[in-house]
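Structure first, then comments.
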Amino acid sequence: DAHIMEGARELAARNPQLTASYLERRLKIGSSKAEDVMELLQEEGFLDPR
Numbered sequence: 001d002a003h004i005m006e007g008a009r010e011l012a013a014r015n016p017q018l019t020a021s022y023l024e025r026r027l028k029i030g031s032s033k034a035e036d037v038m039e040l041l042q043e044e045g046f047l048d049p050r
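Numbering follows the UniProt record's numbering, in which position 13 of the sequence shown is assigned residue number 13; successive positions increment by one, without gaps.
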């Protein structure tokens, strides 16, 4: 999971309009995992709350 979060942080830094479906495609993860990652990115301040 650490490598998934690292990749997600890099993507979020480059794309503040990041979506869960984009994470799914780029990181090759499922939709549930992508939603969890989005929530963690929001908690860490990488993304604005939706």
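Glycine residues also receive a C-beta, built at the ideal position from the N, C-alpha and C atoms.
In this structure ALA20 touches ALA34 by the C-beta definition: roughly 4 Å separates them, less than 8 Å. Taking a 10 Å sphere around the C-beta of ALA2, we find fewer than 16 other C-beta atoms and assign the residue as exposed. Pairing MET5 with LEU47 gives a Cβ-Cβ distance that is not under 9 Å. Residues ILE4, LEU23 and VAL37 of the same chain have their beta carbon placed closer than 8 Å to that of ILE29, with the five preceding and five following residues left out of the count.
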